[in-house]
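Each number in the working numbering comes from the position in the sequence shown (counting from 1) with 205 added on.
Backbone N, C-alpha and C fix where the C-beta goes; we use that ideal spot for every residue, glycine too.
Step one of this worksheet: look at the structure below.
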Amino acid sequence: MTTRLTHSFHSLNELHLAYMAFLKSGGLFIPCEQLTELGQRVELLYTLPGESETKRVVGQVVWSNPQADSQRPRGVGVAFAEGDEPHRERIEQLLADQLASGQLTWTL
Numbered sequence: 206m207t208t209r210l211t212h213s214f215h216s217l218n219e220l221h222l223a224y225m226a227f228l229k230s231g232g233l234f235i236p237c238e239q240l241t242e243l244g245q246r247v248e249l250l251y252t253l254p255g256e257s258e259t260k261r262v263v264g265q266v267v268w269s270n271p272q273a274d275s276q277r278p279r280g281v282g283v284a285f286a287e288g289d290e291p292h293r294e295r296i297e298q299l300l301a302d303q304l305a306s307g308q309l310t311w312t313l
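This is the structure in structure tokens:
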């Protein structure tokens, strides 16, 4: 059974906090109450800032933050599968000015 997660990113800053550039094909941290196990396959539906189209990607949970704190919300990190490079490329295009900022994110 595949779990479905949904999230709308409302700002580029929020997208930057959630983007996991250190993963080969990219990935997103999704704030949510519904935690899934590491390695679990998930269907992710997300909307990027300023866009109305919902994007769909199937990925794998590679990060979990079971308890929110002042730095990070509760949620899971979803790695995009190989072949999902258009998702990574679009996000990196939007975040071109922020990726080298050194700003802490919700993951590593």
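query, result
"Beta-carbon proximity check, residue 214 vs residue 254, cutoff 9 Å", "yes"
"Nearest to residue 235 (by Cα), restricted to the options 266, 298, 258 and 292", "266"
"Contact set for residue 300: own chain, Cβ-Cβ below 7 Å, skip 5 residues either direction", "217, 220, 221 and 224"
"Buried or exposed by the 16-neighbour rule on C-beta atoms within 10 Å, applied to residue 293", "buried"
"Under 9 Å between C-beta atoms of residue 230 and residue 274", "no"
"Distance between residue 271 and residue 227 (C-alpha atoms, nearest Å)", "21 Å"
"Span of the beta strand (DSSP E) around residue 246", "246–252"
"Boundaries of the alpha helix (DSSP H) in which residue 222 is found, first to last residue", "217–223"
"Range covered by the beta strand (DSSP E) that runs through residue 233", "232–236"
"Neighbour-count burial assignment, residue 250, 16 or more Cβ in a 10 Å radius", "exposed"
"Inter-residue spacing [alpha-carbon to alpha-carbon] between residue 282 and residue 257", "23 Å"
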